Every structure is written in C-alpha cells, then in structure tokens.
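Here the structure is laid out as structure tokens; the discussion comes afterwards.
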C-alpha cells in the first residue's frame, strides 16, 4: 500500500511538472532575452512564442521583434522578410516602417526606403519622426552620390576578411606593415557563441605585411589581452607601445557590460591588461577608445550627460 501511494504521488508530480512546462510563457521569455540584448538567442525563442501565442496583436508584435533581432545582428535581408510579415499581420507602430526603411537603405534600396520613411512620418512624432527625416535625407544623398564619379576606390582586403565579423582595424606600427583588428573568426579565445551575434566572442588579431604587400595569416593576441569575453576596437598610442581596447563581459540573461582596458608592450608581447579608471561605477559602459595623446582619450559611453538613448 505504501509503495502504491508513493507511485501515485510520483505520477501526480510528473503530471504537474509536465503541465508546468507546457504553461511556460514563451513570449515573456523572449522579451527578457531581447531586453538582455541577446538578439541572436531571442530569435528562436520568439519563433516558439509565435507558435504558442493566441492573441493576434501579440503575434504581430512578435513578428516585428524577430525583424528587430535580425536588424540588430546585421542581417538586413532577413529583417526585411520579417518586417513584411509584421506589415501583413497589421502591426500598427510608426517604428515598423522606420526600421523597415533602415534595412532597405542598408541594402541600397533607396527609393523603397524613402517610401517606408514617409509612411513612418505620417504616423510618427518626436525621435521617431526625426529619424525618419534623417533617413530620407540619407537616401537622397546616397542616390545623388551614386550618380556622381567617385574620387576613391574601395576594395575588399580579401587577405584579412572572412565571412565572420572583421572590424575596427588599426595600424600597429609607424611603417604601416602590421595591423590589429577585431574578429569573431574561429581561433578566438571565447570558445562559445555570443548570444548577441550568434558567432564566437570577438578577439583582437594581428597580421603583418611582407615586402610584396601580402598580409600574413592573422593570429590572436596573447591571453593577457584576449579572454573568454569580447575584445575589440584596438588603438595604440603614438609610440605604438600602449594598447587601449574594449572588453565586454558576458553574463547570461543580463546586458553586456563594456569597459576600456589598457596594456603596455612587454618585449614582443603585452603585459596583463588593466581596466582604465575613469572614476565611474561599473554599471556604466565605455568602449571604442581613441587615444589622442598621453593625457587625453576619446571614447563612447552611456554615462550620464550624453545624448541619444
């Protein structure tokens, strides 16, 4: 009898656990993931939320949010697909045509982008209206410039670039024979995927150019600089002996916090990196340093007193 009671109790607990799992609020989970800026990770959760959601207004909002996630990870073509789904689902927000215009402009579809920006203007006010007006002006300027002869030719540096994110390059010596840059390519220190981008955590890489102009295979900087977190945006002082860079820590389900680090050259390598002390608390993000001289540095930050949002 005791055994039977135990079996029944266990069965009831299993049933209750199954029901609890079945009642998971996928929409809330997706929103929390999105708010933590884990945009790549939020895409799949939103798609699950869409299949479970019953309310039509929420379903249309979810479609828009999926488009937003793709926009934030720089996949403009996919963002366009999901924004169109949100339009078909009658999602009513002036931000939808605004962001739709953004991804069309990013793909060089300037005439289509202007139409979307004008749609947004008809509904918008405040900052959304200002962004739409700026988008129209940008498209008109891009159309004008595309019809004029270019003074410069921009080429893809194929020896350095990959299908991954490669960005924020900086020459690492006075003769311009070596270069540092950020990359999410394989070989970075993190070893796991970044929930923001879906790629590996970025590291700082170094490549050197031979007398014939060919770049060597890029190699990551030492572990004194690169860690399991995101590192990027390197900048060197005028003597090329002091390195400044951004490191963004990672904690699951929480926004990424970024700080500026610095390290002194030590032989052919770099000393252990240290946080650059700005006298602000660790909840303030700072990054993308530009060292003007030994006493002045420019950087991006969300500290109090800035503009934007």
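Residue numbers (the numbering used here): 344 to 652.
Ideal Cβ positions, reconstructed from N, Cα and C, are used throughout, including at glycine.
Remember, it's a predicted structure, so these values are computed and weren't measured experimentally.
Mapping DSSP to helix, strand and coil, what is residue 562?
strand
Quick one: residues in its chain with C-beta nearer than 6 Å to the C-beta of residue 479, no 5 flanking neighbours on either side, listed in chain order?
457, 460
Could you give the distance in angstroms between the alpha-carbon of residue 389 and the alpha-carbon of residue 509?
28 Å
Can you tell me whether residue 636 is helix, strand or coil according to DSSP?
strand
Excluding the 5 residues preceding and the 5 following residue 637 in the sequence, name in chain order all residues of the same chain whose CB lies nearer than 6 Å to its CB.
none
Extent of the continuous beta strand (DSSP E) run through residue 509:
509-514
Pairs of beta-carbons, one from the region 482-493 and one from the region 515-530, closer than 8 Å: are there three or more?
no
Based on DSSP bridge pairs, tell me the residues matched to residue 523.
513, 549
Using the C-alpha atoms, what's the distance from residue 568 back to residue 446?
35 Å
Going by beta carbon distance, what residues of the same chain come within less than 7 Å of residue 422, once the five residues before and after it are set aside?
410, 413, 414, 446
Please classify residue 494: is it buried, with 16 or more other beta-carbons within 10 angstroms of its beta-carbon, or exposed?
exposed
Would residue 450 pass as a contact of residue 419 if the rule is Cβ separation under 8 Å?
yes
Use the C-beta contact count for residue 448: other C-beta atoms within 10 angstroms, 16 or more gives buried, fewer gives exposed.
buried
DSSP state of residue 602 mapped onto helix, strand, coil:
strand
Does the pairing of the region 548-558 with the region 606-626 give three or more beta-carbon distances under 8 Å?
no
Can you round the beta-carbon distance between residue 578 and residue 513 to whole angstroms, since I take them to be within the 8 Å contact cut?
6 Å
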